[in-house]
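One structure below.
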Amino acid sequence: MAAKEYVDFMEELSSEEKEALKNNIDDIITDSPRTKLASQKVKYYLTKVGKGLATGLKDILIDFASETAKKIIMEA
Numbered sequence: 088m089a090a091k092e093y094v095d096f097m098e099e100l101s102s103e104e105k106e107a108l109k110n111n112i113d114d115i116i117t118d119s120p121r122t123k124l125a126s127q128k129v130k131y132y133l134t135k136v137g138k139g140l141a142t143g144l145k146d147i148l149i150d151f152a153s154e155t156a157k158k159i160i161m162e163a
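Numbering-wise (my numbering), the sequence shown opens with residue 88 and increments by one.
In structure tokens, the structure reads:
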């Protein structure tokens, strides 16, 4: 998945943070009990990287994220 590959370019994140972000990406694809929490975590990690990288990942995520996730992530 392109979004997960994109995360590897985020040098501001530690290896553990990159792995956590990738895992949360899986949880925002469909609405589930974890969607809101995962969306908040994705949003948090996006605040730790440069604006260009954050915008790039948002553009990728918007194509497949659930509606709930889109609303939360796009608030960032």
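C-beta: ideal position from N, C-alpha, C; glycine also.
How big is the Cα-Cα spacing for A156 and K123?
Taking the sequence shown and counting its residues from 1, the one referred to as residue 156 is at position 69. Taking the sequence shown and counting its residues from 1, the one referred to as residue 123 is at position 36. About 6 Å.
Taking the C-alpha atoms as reference points, what is the distance between E98 and D118?
Position 11 of the sequence shown, counted from the start, is the residue given in the question as residue 98. Position 31 of the sequence shown, counted from the start, is the residue given in the question as residue 118. Cα to Cα, the separation comes out at about 29 Å.
Please list, in chain order, all residues of the same chain as N111 whose beta carbon is under 7 Å from its beta carbon, the five residues on each side excluded.
As a working note, residue 111 is residue 24 in the sequence shown. A125, K128 and V129, listed in sequence order.
If A89 and I147 are in contact, beta carbons under 8 Å, what's the gap, nearest whole angstrom?
Taking the sequence shown and counting its residues from 1, the one referred to as residue 89 is at position 2. Taking the sequence shown and counting its residues from 1, the one referred to as residue 147 is at position 60. About 6 Å; that satisfies the 8 Å criterion.
How big is the Cα-Cα spacing for E103 and E162?
Locating residue 103 in the sequence shown gives position 16, where the first residue counts as 1. Locating residue 162 in the sequence shown gives position 75, where the first residue counts as 1. Whole-angstrom Cα-Cα distance: 25 Å.
Quick check on I160: buried or exposed, where buried means 16 or more other Cβ atoms within 10 Å of its Cβ?
Working through the sequence shown from its first residue, we reach residue 160 at position 73. Answer is buried; the Cβ neighbour count reaches 16.
For S101 and E92, I'd like the C-alpha separation in whole angstroms.
One-based indexing of the sequence shown puts residue 101 at position 14. One-based indexing of the sequence shown puts residue 92 at position 5. Their Cα atoms are separated by approximately 15 Å.
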